[in-house]
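First the structure, in the form of structure tokens, and then the observations on it.
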Amino acid sequence: MPRGIVGAAQREDAVAIDATAAADTFPKLLVHNARVRADRPALRHKDLGIWQTWTWADLLDEVRAYAVGLHRLGLKRGDTIAIVGANRPRIYGSVMAAQMLGAVPVPVYADAVADELAYVLAHAEVRFAAVEDQEQVDKIVSVAERLPKLETMVYDELKGLRDYDHAKLRAIDDVIADGRTALANDPKVAEWLDNEIAAGKGSDISIILYTSGTTGQSKGVVLSAKGCIDAARDTVAFDKLTDQDEALAYLPIAWVGDHYLNYAQQLVAGFCTACPEHGETAMQDLREIGPTFYFAPPRTFETMLTRVMIRMEDASFIKRKLFHYFIGVARRYGEAILNGQPVPVQGRLLYRLGQFLVYAPLKNVLGLSRVRVAYTAGEAIGPDLFSFYRSLGMNLKQLYGQTEAFLYVTCQPDGQIYSDTVGPAAPNVDIRIADSGEVLFKSPGMFVGYFKDDAKTKEAMTSDGYVKTGDAGFFDQKTGHLKIIDRAKDVGKLNDGTLFPPKYIENKLKFFPNIREAVAYGDKRDFVAVMLNIDLTAVGSWAERNNVVYGSYQELAGHPLVYDMVARHVEETNRALAADKMTAGAQIRRFLILHKELDADDGELTRTQKVRRGFIAERYDPLIKALYDGSAEADISTEVTFEDGRKGNLSARVKIRDVTTVPTLEKAA
Amino acid sequence: MLYREAGQFKTSYAADMAVFPIRQDRIALWLLLAFVFIGIPLLANFQIWPFGSEYLLRAILVPFLILSLAAIGLNILTGYCGQLSLGSGAFMAIGAYCAYKFGTGVNIPLFGLALSIPPLPVLPSILLGGLMAAIGGILFGIPSLRIKGLYLAVATLAAQFFFDWVFARVQWFTNYTSSGSVNAPQLEFFGLFVNTPIERYMLCLIFVVVFAMLAKNLVRGNLGRQWMAIRDMDIAAELIGIRPLYAKLMAFAISSFIIGVAGALWAFVYLGSWEPLAFSIDRSFQLLFMVIIGGLGSILGSFLGAAFILVLPILLDQVPHALGIPVSVETVSLLVFIVTGALICWLLIVEPHGFARLWATAKEKLRLWPYPY
Amino acid sequence: MILLGQILEVLISGLLSGVLYSLVALGFVLIYKASGVFNFAQGAMVLLAGLALVRSLDFVAAQGFPMWTAIILGLTFAAAVMTLSAYVIERFVLGPLVNQDGLTLFMSTIGVTFVLEGLAQMVFGAEIYPLKLFPTDAWFLAESIFPGGILLNKLDVWGGLIAGVLVAGLAVFFQRTKTGRALRAVADDHSAAQSVGIPISWIWFVVWLVAGLVALVAATVWGTKLGVQFSITFLALKALPVLIIGGFTSVPGAIIGGLIIGAGEKLAEVYLGPFMGGGIEYWFGYVLALVVLMFRPQGLFGERIIERV
Amino acid sequence: MRAPAASDIAAGEAILSVKNVSLAFGGVKAINDVSFDIKKGEIRAIIGPNGAGKTSMLNVINGFYHPQHGQITFKGRTRQAMRPYEAARGGIARTFQNVALFKGMSALDNIMAGRTLKMRRGFLWQMLRIGPALTEEIAHRRRVEEIIDFLEIQAIRKIQVARLPYGLQKRVELGRALAMEPDLLLLDEPMAGMNLEEKEDMSRFIIDVNDHYGTTIALIEHDMGVVMDLSDRVVVLDHGVKIADGTPDEVKSNQAVIDAYLGVAH
């Protein structure tokens, strides 16, 4: 290690010019960080029971040796190298070392099946792969015949690989040691490496991120070094991230979010990224590290909340009462306090007490005590969920983005947080809404193109250089923030030409705890109508409290009082829809509550619990007809699969309700 | 509830293996140490409540500290190594009488040759007293290699009765005083005289803190793991290369050493002058209760147990008094019997690991608050 | 001849007092055999039984009833007290501790000891109460053979007789009665006994009751000898070496162990004591026990401990 | 299939050989004149119906039982019996049929206890826990952490073992044995009472141990599938007598073995 540091000091002059804040490649940033904050932690990894820590100087030293070692194995400028594994220092180091040589890292999801892996590796034409362990080696070996270009694999974890044929296999440790020896033996090597670093340009391809292919094959999003760094700089400044921050790297490395947060922003701001010990210990590790900057998809937040609620169910009576009481206090005052709005004194006092008794300890056990900025993105987050975390005093914000933008398109500034918008355009991002309602943007971090796919690249861009997001949205009138309503291709039009965003409406409905599923119809129709599923647990407990007797889901779903209640929810949804002129026309006129729960076993939901709108339309055709022909009820008979696998017929007479719409704003518009 | 552990991560094994790995605990510990080392002497010096009289220092804190020390010693043997001992009183006695002998000069006539050691200063006397107790411990620990559990407990009683007899009948140990009672030498440490209750308290405190620290280090080190291994599963312990001979005799020796030192302190610092009865089998049982109630296999438990066993009679005496219920001294002593006994049964049923486990559970609850587990 | 006579006298009186130790030790063995509990409270039970007996007896006698009525009423009352204590101990202490390891059970009986000692004295008083159930005068034997004869205390002889009757009674109880056989079954295998349909709590209660009655018998003898007083609880400590030598699980072992300790103690005191400053019977039994243990860790009659892996 | 061919191993050097060993308890003969050897680096299975004397054999090998006849040669030294800790010192480690962990200690401390033979500092140093004592403690902690990593039990390292599920306890016990860095590892039914997934994990660990540390392993196992997959050579005992010895394939087709197993439902 001392050898490396001395070496680094000698080389300082050579790269000093590039290692300023104006560094335009990640290797130059690394050199910069190793110079200005040599002794600050750069990476931590819970390994062998403690948080092993690399300072920036250590990291640079190791990455340099690694790069030299990789070069000696034959990796050179312009080559692609696959990176497969969990969040571990050596995996991030592989990305850095490759970039130092001017090679292009291609991270792949560690849990990808061999077939997906083969596609990406073949498409990216990788000659090298840096992988975590035996599992990944086995996967790649199993598809070796599809990867004729693959020459060498380097691995982090020796376990189980001892007996493998090592002709094409190297331990990363050995590669680094080899590089270190080379650096020590020949001063020219260091000089050569400095030149390699200096030779990197901002316009170079920095990384290729393959988007997970929900539709068809995945596409390789090519990002330039300067683009990545500029985008990261903007957001680092936006959220005032510094080298005092800590983040936990637990998201898949192939996902843009991880590369953005735990690589680009880390290198720009110089903060420390911590890698968990093991998949099973991630929650514990989160608790230990206590990150100051936290990023998670809504799903993670939801799981976390569910876990809290389930655990609290097991608490003693008094503790449970206390917990729910103060969570109630937080709901009333928490967000207002966080947003700096006026709050009555007794509210503040109660909140302070709750802070001591519940919020702070709760954040502590979740590992969120030190969070300064937290983001959620990826899909719409329920307002209750969102405000739960915010009411605890956690600065949770939303952002909207995609791989093609190198993540950020919009993000919420402190103090302007709304659960139903994703914020204004991020710094230096230009957003335009197409006539079709599609959101278009131009940003510093926007991608260069899809790898080896000019046709798709063209398809994704407008003629004047904006990127099509594929999402439909509009700017909220009051706040000026962007609202994303749906995938652009799913947005339909009512017969009068009004925009009809089904998922947007469905999500709004589903945010009511009493409503479990919603299916909205309206495309090429006169008005919007929805079919609903009530949530048996929520409505069931409501029924108990209100002395509503029922014997089955069907009975409860058809109960007039339930209809009344749901009608109020729908009306409220209408008011929310009416608040914006873009959606005001898409208010719900009629709804019905289905006599049975939508079920994946009946093909009505996908296995990931998404509604299959088309299939449902076919299956419940008589009901849809009734929704639009004005009848007050309709008969339906469907085949159902019971839990034991038997099939049977379920017939029912389903009532249909009309709902009042809110006319005011429509007039105003 | 009070813990904020998020962000307290360990980057070295030394930090990870610390006795108090949580920052809040370390703060609490330093506050406690500051209070006992500075606060209490100050309060006592200025006679601020509850240190208005010397009673608290002299009659509660000093015996508490000394018996805590003895309980730590017994806990090493019984709690950590799993060797039940009913003979701790004897080892206290050895410590006390040997320290007395070393402090007043040893003269052993051996076949006409007299082995004689001049009177030693107090500190070496006390430590040598402990050493003699350790040797006694080893001798009476030898049966532990062959016998286990309750049989061994009975064997340790042999030590108790034997040494009771020795110190009552062998007048050499009492320097042939006519009454059989002996007086402690003047307490002088490196030129400093220890006389007032505050000084006595400080002396005991230093002994206890140092020994507690050393004992804690021992029980979390290799030897401590050997002891616990023998306690938990002696066969498996032997098969991973632990020598029962070494581990058990070390436990007897170290335990007896600490108990011996405590015995010497009890005699020198607390009693001043004493008779063999001070170290009777009642003392052995008292110590055993302390470690059971406090928590077997816990240094902290030794303190909690000692505090409880000492405070209980005082409470039983004071509480009816305060409530205006007249209770005779005799009744109080019987009440102490009943309550102590009942508490032991109750604790064994409810929490066999004693107060230390209750404490740990409470701490765990606080750490996990608001989670129930 | 004088010397031999002396030795014989010491030996016989030792043996007879050993029998008295055995009386206490028997209580231990009964409970240990059936429940695996090493009952440290046996001494306290002797105290409780003795106090209950002597106090009720005195009370009844004071009312002017004839002595034999008082004795019968007193014994009945003391037996009732022992029954109650057996029930309470089983119900509130050992019942909840079932399936705990031996050490825990042992320590719980120390707790029981303290409660019993405290309660017994609080309820019945903490003085010394003389008890006169048996003759205590001396008896000279074989005057024709040894000059001055062999001096014996009649009480010791009574004690020996009672112990003999007791052992015989217990043997009958264990061999012939259903409960007795069940007790042996429990001793062998707890779960087996349960599967035959014998409630374990009932068994334990009976065991503690029997031990309590044995304690009552011991109390009559020891109470007559020393007066009923607190120091009678130290008998428990005296009985421990007896147990060690005899083995925890053996009824004959308890008797023979008692004989060995009694005789050894007396002989040592008389013939070794003077050289060592006297009073060695205080610890001699223990050292003897220790020596036995070094050669037979399970005692002379105890079951062999086989270690398994 | 495992890398080294069985024939290579058969030709290799024996780390342990058992010659004409007989062991009796009272009148019952647990082992009767059994001889076999274990070669360096192999995985050797000892199988047989219940009561065949398998566990007794392991107990003889690591000194817990002292045979009445016969010799054991371990690493060139021949003796009739030894003390268990001598066996441990010599490099024999062992796991038990019914997990024999130190219940009151954490998983970490259990494995640390396995390092006891490698630790040199005396009790005075340990008491002070400074300088060399601390360095030693840390060095061994590191070694133990490598084992924890190897066995993938990071999540439970500080949990008291009594609270762990059975499968994990078995893993911790293996860890404790590995911490001794043994030359010969005796596993007594390492997969008893496990579900399929746990069995697969354990098999993988056993192969990895053999592979990674080059440890010679002798194991008793009931699951024949596992035995056939794992072991290089198998010795079959029945009623204390050796009835077959050879590669899994040889043993499988041995008539005596088939007969012995026919009596027992498997």
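Chains as they are written, first to last, in the working numbering: chain A, 1 to 669; chain B, 670 to 1042; chain C, 1043 to 1351; chain D, 1352 to 1617.
C-beta atoms are modelled at their ideal positions from N, C-alpha and C, and glycine is treated no differently.
Buried versus exposed call for residue i [16 or more other C-beta atoms within 10 Å across all chains shown]
i         : result
GLY1206/C : exposed
GLY220/A  : buried
ASN507/A  : buried
ASN262/A  : buried
MET96/A   : buried
PRO1418/D : buried
GLN716/B  : exposed
MET1553/D : buried
Residue range of the beta strand (DSSP E) that includes residue i
i         : result
ASN776/B  : 775 to 779
ILE1192/C : 1192 to 1195
THR273/A  : 272 to 275
CYS750/B  : No beta strand (DSSP E) holds CYS750/B; DSSP gives it neither H nor E.
PRO670/A  : The structure shown does not extend to residue 670/A, since chain A spans only 1 to 669, so no value can be given for it.
ASN744/B  : Note, ASN744/B: premise wrong, no beta strand (DSSP E); not H, not E.
Euclidean distance between Cα positions of residue i and residue j
i         : j         : result
SER1604/D : ASP258/A  : 56 Å
TYR1040/B : ARG299/A  : 21 Å
ARG1353/D : TYR1416/D : In this predicted model, ARG1353/D has a pLDDT of only 45, less than 50, meaning its place in the structure is not dependable; the value taken from the coordinates is given anyway. ARG1353/D and TYR1416/D: Cα-Cα distance of roughly 33 Å.
LEU701/B  : TYR1063/C : 52 Å
ALA232/A  : PHE475/A  : 24 Å
LEU951/B  : GLY758/B  : In the sequence on display, residue 951/B carries Asp and not Leu. Taking the straight line joining both Cα atoms gives about 8 Å.
SER1059/C : ARG1226/C : 29 Å
PHE704/B  : ASP685/B  : 27 Å
ALA1530/D : GLU1159/C : 51 Å
GLY1576/D : VAL1587/D : 15 Å
VAL1140/C : PHE1425/D : 45 Å
DSSP state of residue i mapped onto helix, strand, coil
i         : result
GLN477/A  : coil
ILE1298/C : helix
PHE1176/C : coil
HIS559/A  : coil
MET461/A  : strand
HIS1417/D : coil
GLU1020/B : coil
GLY1319/C : coil
ILE1170/C : coil
Strand pairing of residue i, partner residues [DSSP]
i         : result
GLU633/A  : LYS655/A
GLU857/B  : PHE862/B
ASP1589/D : VAL1592/D
ILE81/A   : PRO105/A and PHE128/A
LYS397/A  : TYR375/A
ILE1571/D : ILE1397/D and ASP1539/D
ARG590/A  : ALA529/A and ASP658/A
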